[in-house]
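**Student:**
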Amino acid sequence: MAKPTHALFDELVRMGLIGEDTLVRFHPSVRDRSDVEVWRCERSGVILLDRIDHIGTDYYPEQEGLTYWDPKGRAQGLVATREDDMRRARQLSDHVAGRSYVDIGTGLGGVLDLVRPIAAKVAAVEPQAEAASMLRELGYAVHASAEELSGSGERFDLASLFHVFEHMTCPLKELQAIHALLVPGGKVVVEVPHAGDALITRFACMPFRNFTFWSEHLVLHTRVSLARYLELAGFTDVQVSGVQRYPLANHLFWLSQGAPGGQARWPDLRSGPVEEAYAALLDKADLTDTLVAIGTK
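At the far end of the sequence shown sits residue 295, using our numbering, and the numbering has no gaps.
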């Protein structure tokens, strides 16, 4: 039962975000690989994988087609991401109106579609070749990496990473490259899954742990660890808030049936006011499924 020894582990230790003596084996494997274990720092709550060598520099560029998002194509994939895309576009609207914006790891580009009408300029970073090619055909400027875009001399008022940061093998270096992309006073928005998700922690839902831990999610952050990364990358006035993406019906289904999709399977248990109250309760207890950080250059 060897503890992690990879570069991301070393980075987290150097930053004081995990302790070598407080790291414990948390889950025996991830959903797609039996040879990858999940570890958790008992002091900080940060969760990380015991290995990251399966994510090489060519891992994402070599993904084929759009099957990563939806095998039926972009239109169908955007249906699945519509609710998140709308929420994110609303969050960005005040920052992006009349300004320049880049979405890092844009995927299908759903957020780009929604903010392009109000932004002065939009661009994207997307390492997956098929998705990047598709977005270029739609008229978007797409680059393979933040470093490549930074080398072009372009600068932006706003950058976003929506469920991308947890995939990075060198997250501090990547965040520093994104910092370089911004104009003075520019902002970054980073959204990640939360290590303190109620289904992982308070409810200790084993079927959910079996489902949610994934070989591509190298680290799950807490409010403290996410803020620390932004600060060390050079951002100031860092604010981290909780967001609950999945409603009460989803949690009830997980806890009773041990499966995802409760919000669709039990629509009669959905209620806007109840869901808002539940999300607020989880946020107050720091048990939301998602964290969103905003920082300023």
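Just so it is clear, CB atoms sit at the ideal spot from N, CA and C, and this is done for glycine as well.
Values in this document were obtained by computation on a predicted structure and should not be read as measured data.
Shortest alpha-carbon distance to Glu62 belongs to which of Val162, Gly137, Ala130, Ser269?
**Tutor:** The shortest Cα separation from Glu62 among Val162, Gly137, Ala130, Ser269 belongs to Ala130.
**Student:** For Gln74, count neighbouring Cβ atoms within 10 angstroms of its own Cβ and tell me buried if that reaches 16, exposed if not.
**Tutor:** So Gln74 ends up on the exposed side.
**Student:** Give the single residue among Gly270, Thr288, Asn208 whose Cα lies nearest to the Cα of Pro258.
**Tutor:** Out of Gly270, Thr288, Asn208, Asn208 has the C-alpha closest to the C-alpha of Pro258.
**Student:** Buried or exposed, going by whether 16 or more other CB atoms sit within 10 Å of the CB of Gln126?
**Tutor:** With 16 or more Cβ atoms within 10 Å of its Cβ, Gln126 is classed as buried.
**Student:** Where in the region 233 to 282 do unbroken runs of the alpha helix (DSSP H), each at least 4 residues long, occur, reported from the N-terminal end onward?
**Tutor:** Fully enclosed alpha helix (DSSP H) runs of 4 or longer: 246 to 255, 260 to 263, 270 to 282.
**Student:** To which residues of the same chain is Leu6 closer than 8 Å at the C-beta, ignoring the five residues directly before and after it?
**Tutor:** Excluding residues within five positions, the ones whose Cβ falls inside 8 Å are Leu46, Ile50, Thr167, Cys168, Pro169, Leu216, Val217.
**Student:** What's the C-alpha gap between Ala247 and Gln255?
**Tutor:** If I take the Cα positions, the gap works out to 11 Å.
**Student:** Just reading off the beta strand (DSSP E) that Val188 is part of, what are its end residues?
**Tutor:** 180 to 191 is the span of the beta strand (DSSP E), which, as asked, contains Val188.
**Student:** Leaving out five residues on either side along the sequence, give the residues of the same chain with a beta carbon under 6 Å from the beta carbon of Val290.
**Tutor:** Same-chain partners within the cutoff: Glu189, Ser239, Val241.
**Student:** Would you call the region 13 to 23 and the region 195 to 202 touching, i.e. three or more CB-CB distances under 8 Å?
**Tutor:** No, the region 13 to 23 does not touch the region 195 to 202.
**Student:** Would a C-beta distance cut-off of 9 Å place Leu110 and Ala122 closer than the cut-off?
**Tutor:** Contact flag set, yes.
**Student:** Within the same chain, show all residues whose beta-carbon is closer than 7 Å to that of Ser148, passing over the 5 residues directly before and after it, in chain order.
**Tutor:** So the list reads Ala175, Ala178, Leu179, once near-sequence residues are dropped.
**Student:** Rank Val186, Asp287, Arg243 by C-alpha distance to the C-alpha of Gly270 and give the top, closest one.
**Tutor:** Nearest option by C-alpha distance: Arg243.
**Student:** According to the neighbour-count rule (16 or more other Cβ atoms, all chains shown, within 10 Å of its Cβ), is Ser91 buried or exposed?
**Tutor:** By the neighbour-count rule (16 or more Cβ atoms within 10 Å), Ser91 is not buried but exposed.
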